[in-house]
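Residues in the sequence shown are numbered from 768 upward in steps of one, following this note's numbering. Every residue gets a Cβ at the ideal spot worked out from N, C-alpha and C, and that includes glycine. Values in this document were obtained by computation on a predicted structure and should not be read as measured data.
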Amino acid sequence: MKYFFFIFFSFLNFYCCIAQQQYSIHDLKSGKFKEDSSYIYDLPFENKKKVFLIQGYDSKMSHKGEYALDFKVKKKTKICAARDGVVVGARGDSNNGGLKPENLSDGNYVSIRHYDGSVAHYWHFIKNGALVNVGDTIIKGQVIGLSGNTGYSAFPHLHFEVVGYDDKGNYRQLATRFNTNKGIVYLRPAHFYRAKH
Ligand SMILES: [Zn+2]
768 MKYFFFIFFS
778 FLNFYCCIAQ
788 QQYSIHDLKS
798 GKFKEDSSYI
808 YDLPFENKKK
818 VFLIQGYDSK
828 MSHKGEYALD
838 FKVKKKTKIC
848 AARDGVVVGA
858 RGDSNNGGLK
868 PENLSDGNYV
878 SIRHYDGSVA
888 HYWHFIKNGA
898 LVNVGDTIIK
908 GQVIGLSGNT
918 GYSAFPHLHF
928 EVVGYDDKGN
938 YRQLATRFNT
948 NKGIVYLRPA
958 HFYRAKH
């Protein structure tokens, strides 16, 4: 089974590399590529909230080969929807977090499906910190939860990722751009950003 997953994820990584060819992750980070019609997300925090991005896309820590973002935030920071949609998953009953394998299934989260079929996942909410329910219609900027440290997590933070179909029809994690105080950008790790709604 272990080998199956290894092969599966190796394949997935390989496949992602092919799909990425059009714009390399370096191009995304450097803002090099200009012709971008992708959706512009809000940062998933209250307007003007300043946050620090710990891990960006394809980070060398726990996001190797992943298009996912980790924001360092204090516990109980209000997490807002980065885009309109409908809640398709929510959990708030866990009080456990850490870096043991079993912690992978301990995370509280909210998942929101957007109108183009993509889904945003917001992870690691505090116990009882998922403030919306499956089926709820969500408006961009609406508070959906309170941050925490549940699940596979060493310290309070928000893990944010969007999955959907890329322009080649592959279902995968997608790099997303955000409206910030620094303009409309693909976020870079070890940088501060201020939400701009
Ligand atoms: Zn993460």
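- Taking 8 Å as the cut-off, the Cβ atoms of GLY852 and GLY918 do not count as close.
- Pairing ARG880 with ALA942, the inter-Cα distance amounts to about 16 Å.
- A straight-line Cα-Cα distance of about 20 Å links PHE922 and LEU810.
- The beta carbon of VAL901 sits closer than 7 Å to those of VAL854, VAL855, GLY856 and ALA857, all from its chain and outside the five residues before and after it, given in chain order.
- The alpha-carbon of SER805 is positioned some 30 Å away from that of LYS841.
- Inclusion of ASN916 and GLY859 in the CB contact set at 8 Å is not warranted, their separation being larger than that value.
- Contact annotation, CYS847 with ILE893: C-beta distance approximately 15 Å; criterion of less than 8 Å not satisfied.
- Residue state for ASP837 is assigned as strand, using DSSP reduced to three classes.
- Not one heavy atom of ligand 1 falls within 7 Å of the beta-carbon of GLN909.
- A check of alpha carbon separations from HIS926 across ILE807, GLU813, GLU802 and TYR834 identifies TYR834 as the nearest.
- The C-beta distance from ARG939 to VAL930 rounds to 7 Å, short enough to fall under 8 Å.
- Secondary structure of ASN870 (DSSP, three-state): helix.
- For ASP903, the secondary structure class from DSSP, reduced to helix, strand or coil, is coil.
- Nearest to VAL886 by C-alpha distance, out of TYR808, ASP794 and GLU869, is TYR808.
- Between the C-alpha atoms of LYS867 and ALA897 there is a straight-line separation of about 23 Å.
- Out of ASN946, ASP794 and HIS891, the CA that lies nearest to the CA of ASP837 is found in HIS891.
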